[in-house]
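Here's the structure, in structure tokens; my notes come after.
In our numbering, the protein residues as written are 62 to 210.
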């Protein structure tokens, strides 16, 4: 009698195992049921850089080469993270055009430290339609006729 009970329990166990196995094999995955789709989380760049060389002078040509290298190796890979308009590289070129290479470099260093400042005030800069802070180079040339707020 004891053997019969063990055989009966064994057959019931095998039957339940096969039943659960067939139910699992017929189950739909959520992928098929909800028509899952591949999602790309890659952010597309909305800003396209101008890689043209400025041939107005030898110094500007050299600066354009460095700017293009910065665009290609750093800015395009980093994405659109700059909170300012114009970007730091554009600000540097504008400041060199407005002043000189020495003053432009100092203006860029000041701008770069402001860009890295995590505690910058939202009310200090005007906000553009692109939700970026307006911070043009001509506001720092110390010419009162060029400063615009």
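Every residue, glycine too, gets a C-beta built ideally from N, C-alpha and C.
Could you check what DSSP says for residue i in three-state terms: helix, strand or coil?
| i | result |
| --- | --- |
| residue 191 | coil |
| residue 159 | helix |
| residue 146 | strand |
| residue 125 | helix |
| residue 74 | helix |
| residue 202 | coil |
| residue 176 | helix |
| residue 116 | coil |
| residue 81 | helix |
| residue 184 | coil |
| residue 135 | helix |
| residue 171 | helix |
| residue 211 | The structure shown does not extend to residue 211, since the chain is modelled only from 62 through 210, so no value can be given for it. |
| residue 103 | coil |
Determine the closest residue to residue i out of the options, with distance taken between C-alpha atoms.
| i | options | result |
| --- | --- | --- |
| residue 145 | 100, 117, 169, 203 | 169 |
| residue 165 | 72, 202, 118, 66 | 202 |
| residue 198 | 171, 102, 71 | 171 |
| residue 110 | 130, 194, 160 | 130 |
| residue 192 | 158, 159, 147, 160 | 147 |
By the 10 Å Cβ neighbour count, where 16 or more other Cβ atoms means buried, how is residue i classified, buried or exposed?
| i | result |
| --- | --- |
| residue 112 | exposed |
| residue 122 | exposed |
| residue 156 | buried |
| residue 72 | exposed |
| residue 103 | exposed |
| residue 152 | buried |
| residue 128 | buried |
| residue 136 | buried |
Are residue i and residue j close, meaning C-beta to C-beta below 8 angstroms?
| i | j | result |
| --- | --- | --- |
| residue 154 | residue 124 | yes |
| residue 118 | residue 162 | no |
| residue 149 | residue 173 | yes |
| residue 176 | residue 186 | no |
If we cut at 8 angstroms on Cβ distances, does residue i have a partner in chain C?
| i | result |
| --- | --- |
| residue 125 | The structure shown has no chain C; it contains just one protein chain. |
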